[in-house]
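The structure appears below as structure tokens.
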Amino acid sequence: TLMYFSTTPRGLIDENFSFLLSYSKVFFSSEDINAIMRRLDLDSDNCVTYNDINKVISSLEINREYLTNANSYSSKYQCGLHLRPSPYMGNASSNLFSNFKQIIRLYFATLLDIEAEIEKSRINLSLRADHTINDIFFLIKSNLSLQSRIYLSKEDFSSFLLERYKHLTSSSSLYSHQDISLIMKRGDLVHKGYIDKADFFDLITPFEKEYRDLVEKRISYNTAKEVSQGTMIYLMNLFDCIIKSERKINNIRESMLSYKEDFSRIFNEISGKEKEFFTVDNLYDFFCRNNIVAYQDKKFKLVFIRLDRNRTGKVELFEFLDELTYII
């Protein structure tokens, strides 16, 4: 395998080393990869040969059972842990927590990107002159005879996305039931089982004040008035963006399942002295300490808004755990 991934005649592992590690089920940062390279480069010639790899592996007492069971997820995970560099001598629990922090870094970095993309789609929709919240709300609502039911159900979104507007070429028109659940999860912040008007407003309206005010000032007719095809395309683009983003985050959540015992530990590290909650400043400090991203006001605050489910300006432990563990 090492010879296959090499790009030089002597079998050296250089820039393709990170590609080789991508086959592991463990997330490796660029710092991890550089540290591993330094550990494997026994003769300090800035190249890693097959002999270097063989000597290091031979020095490790790895259980042969893990290596032979190639189809086992746990075996690949365990082998990945043996190759990971240890920044300090510590117990197994400390090393596992260090691995979990790498995944948390990936999680937050991904959130920064996807929240910015969703906000951009919301802004594009908000600029449409015929876009009003109530009109689109009642347009999605499938059974207009039930006027007393002022909320959207999973069936409403299913009917709207899977049937009525699947002919729009801008939409994938291949939404699964899981995709509908991802939209419901995104809108139903406190798990009521439905999305009311306030939830829907936050779901499709930008958080940037200039555009939020623009949508709020538009006249709403409380009807199922049709909107233009252009506005509908922008709406469908927003739903596409939400679904693709939530799929990505859902997959990262799955990789954190084996670290559940460390969730509270991460929360305490973010909250610091507060302990019972953390604020936007606490989260910013955590991002800086872990080199997640340089501070960008609008982009960064979108992540905090996502975590702050009940909109109190504070993220409590139950909100944090719900965000990390709610897998569709």
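Counting from 1 along the sequence shown, just add 120 to a position and that's the residue number in my numbering.
Quick reminder that beta carbons are idealized off the backbone N, C-alpha and C, glycines included.
Since this is a predicted model, take the numbers as computed values, not measurements.
Please tell me whether ILE260 and LEU272 are closer than 8 Å, where the distance is taken between their beta carbons. yes
Identify every residue that forms a DSSP beta bridge with TYR271. ASP316
With 16 as the cutoff for other CB atoms within 10 Å, does GLU439 come out buried or exposed? buried
Does GLU396 pass the burial test, meaning 16 or more other C-beta atoms within 10 Å, or should it be called exposed? exposed
Using alpha carbons as the reference points, say which of ARG306, ASP382, LYS434 and GLY313 lies closest to PHE359. ARG306
So is ARG242 buried or exposed if we call it buried at 16+ other beta carbons inside 10 Å? buried
Straight-line gap, THR230 to ILE369 (C-alpha atoms, nearest Å): 7 Å
Could you have a look at VAL435 and say whether DSSP puts it in helix, strand or coil? strand
Return the chain-ordered ranges of every alpha helix (DSSP H) run that is complete within the stretch 305 to 381 and spans a minimum of 4 residues. 317 to 324, 329 to 336 and 349 to 375
Residue nearest to LYS337 in terms of C-alpha spacing, selected from GLU366, ASN430 and HIS251: HIS251
Counting pairs of beta carbons, one from the stretch 377 to 397 and one from the stretch 430 to 438, are three or more of them closer than 8 Å? yes
For VAL389, the nearest candidate out of GLU381, ASN402 and TYR379 (CA to CA): In the sequence as presented, Val is not what sits at residue 389; that position holds Glu. Per the Cα distances, ASN402.
My assumption, with CB atoms under 8 Å, is that PHE257 sits in contact with VAL423. Please give the rounded CB distance. Wrong, their Cβ atoms sit about 26 Å apart, outside the cutoff.
Can you give the Cα-Cα distance for LEU427 and LEU323, rounded to whole angstroms? 14 Å
Can you list, in chain order, the residues of its chain whose CB lies under 6 Å from that of MET304, leaving out five sequence neighbours each side? LYS274
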